[in-house]
Amino acid sequence: MTIVEKWRLMLSSFADIKAATIEKGGNISGGLTAYAKGVRSIYSSDEYAPKYNYPVGFFLKLDTCEKVKEEIRQAITDGGVECGTDVPLSQYGDKIRQLGIELEIISFDIDIGEYSDTFTTQLQARGGTPPYRWKRLYGGGGLELSADGMLSGNVAVGDGMYKMCVQVTDSTGKQIQKEGWITAHHKTLLFVRRSGNTFEYDGKPHSLEIVCYNYPEVQVTSLLYGGKKADGVTERGQYMVEIGSVSNVPKGYYRVDYNYHSTITIV
Numbered sequence: 446m447t448i449v450e451k452w453r454l455m456l457s458s459f460a461d462i463k464a465a466t467i468e469k470g471g472n473i474s475g476g477l478t479a480y481a482k483g484v485r486s487i488y489s490s491d492e493y494a495p496k497y498n499y500p501v502g503f504f505l506k507l508d509t510c511e512k513v514k515e516e517i518r519q520a521i522t523d524g525g526v527e528c529g530t531d532v533p534l535s536q537y538g539d540k541i542r543q544l545g546i547e548l549e550i551i552s553f554d555i556d557i558g559e560y561s562d563t564f565t566t567q568l569q570a571r572g573g574t575p576p577y578r579w580k581r582l583y584g585g586g587g588l589e590l591s592a593d594g595m596l597s598g599n600v601a602v603g604d605g606m607y608k609m610c611v612q613v614t615d616s617t618g619k620q621i622q623k624e625g626w627i628t629a630h631h632k633t634l635l636f637v638r639r640s641g642n643t644f645e646y647d648g649k650p651h652s653l654e655i656v657c658y659n660y661p662e663v664q665v666t667s668l669l670y671g672g673k674k675a676d677g678v679t680e681r682g683q684y685m686v687e688i689g690s691v692s693n694v695p696k697g698y699y700r701v702d703y704n705y706h707s708t709i710t711i712v
């Protein structure tokens, strides 16, 4: 990005900051150096004096813009909205639009996938005055919630939907609670054909080799050829092949994929 392109992006971001400030009822009177004061006017009646004067000269303006950015970032943070040093200026407008929002937990209905997989996700809150402290009040099917809002672990009790209630507290001590649902699914044993499925007629029985690719220890102990249990197919023709039964299935809440279908052809 050239210095001119960077300058244009900065101006576009500052324009959005001004628009967001006005949307929230703030007042900006003056150049860029008055923007932090305008942001603070959204939530505070305290008098605030800008630290920087508007400079003369292109490169001085770039330097001042970086300082003004930090001043605005601090104003947003003081207003109770998280705005780290790694947040780009282009997102400051959206941060300003969050000022004054009541503390709330963003919906956390979560699908964790297969029930015994290790799962991790960050719960989200907004508004109030960060930082937030989290607590699980009840439920969750075995998942744990850390104080910083990290939900992790595995649902060891099987598939289903598990209600969970969490509580978040902001830095002023304000607390809210919210219920959500944790959804877990059966482990499913999935099968593939490992051998070829077309044979020349020789009067001898031919069979397919079917394996469970996600749990190799599972063994297919019988197959159905054309709906009949047999060790293989002898006569010419094409036959639908289905799983009859399996063995060495892992303990727990597992579902065998009996919807597996293949064909065997004798020519």
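Numbered by this note's numbering, the letters in the sequence shown go through residues 446 to 712 in order.
Note that CB positions come from ideal geometry on N, CA and C, so glycine has one too.
Bounding residues of the alpha helix (DSSP H) (the contiguous stretch that carries residue i)
i	result
K482	Y480 to R485
Coil, strand or helix - residue i by DSSP
i	result
V540	A small correction: the amino acid at residue 540 is Lys; Val does not occupy that position in the sequence shown. Of the three classes helix, strand and coil, the one that applies to K540 here is helix, per DSSP.
M665	It is Val, not Met, that sits at residue 665 in the sequence shown. If DSSP states are grouped into helix, strand and coil, V665 belongs with the strands.
F503	Below a pLDDT of 50, predicted positions are generally treated as unreliable, and F503, at 49, falls in that range; no measurement from the model is reported.
I551	coil
D461	helix
K619	coil
S535	helix
K632	strand
A520	helix
V590	In the sequence on display, residue 590 carries Leu and not Val. The answer is strand: DSSP assigns L590 an E or B state.
I467	helix
T509	helix
E624	strand
E492	coil
R639	coil
Run of the beta strand (DSSP E) containing residue i, from where it starts to where it stops
i	result
L582	R578 to G584
I546	Element bounds for I546: n/a, residue is neither H nor E.
C528	C528 -> no beta strand (DSSP E), and no H or E assigned at all.
L596	M595 to G598
G605	G605 to T614
Q569	Neither: Q569 is in no beta strand (DSSP E) and is coded neither H nor E.
S707	H706 to I711
Y560	Premise fails: Y560 is in no beta strand (DSSP E) and is neither H nor E.
Nearest-angstrom Cβ-Cβ length linking residue i and residue j, presumed shorter than 8 Å
i	j	result
V712	Y670	About 16 Å; that fails the 8 Å criterion.
F636	I655	5 Å
S726	K673	The first residue shown for the chain is 446 and the last is 712, placing residue 726 beyond what the model contains.
C510	M455	5 Å
V611	L588	Going by Cβ atoms, the distance from V611 to L588 rounds to 10 Å, so no, they are not a contact pair.
When you compare the segment 573-588 with the segment 615-627, are there three or more beta-carbon pairs, one atom per stretch, that lie closer than 8 Å? yes
Measuring CB atoms only, is the segment 597-612 touching the segment 623-643, in the sense that at least three cross pairs come out at less than 8 Å? yes
Using 8 Å as the threshold, is the segment 471-490 in touch with the segment 540-547, meaning 3 or more CB pairs across them? Short answer: they touch.
Do the segment 659-668 and the segment 681-693 make contact, defined as three or more Cβ pairs closer than 8 Å? The segment 659-668 is in contact with the segment 681-693.
Contact between the segment 551-571 and the segment 584-601 is defined here as three or more beta-carbon pairs at a separation below 8 Å; is this criterion met? With a cut-off of 8 Å on Cβ pairs, the segment 551-571 is in contact with the segment 584-601, counting three or more such pairs.
Is the segment 698-710 in contact with the segment 680-689, if contact means three or more CB pairs nearer than 8 Å? yes
Could you tell me which whole beta strand (DSSP E) segments of length 3 or greater appear in the segment 641-696? 655-657, 664-670, 673-675 and 682-692
Is the segment 546-558 touching the segment 515-523, taking contact as three or more C-beta pairs under 8 Å? no
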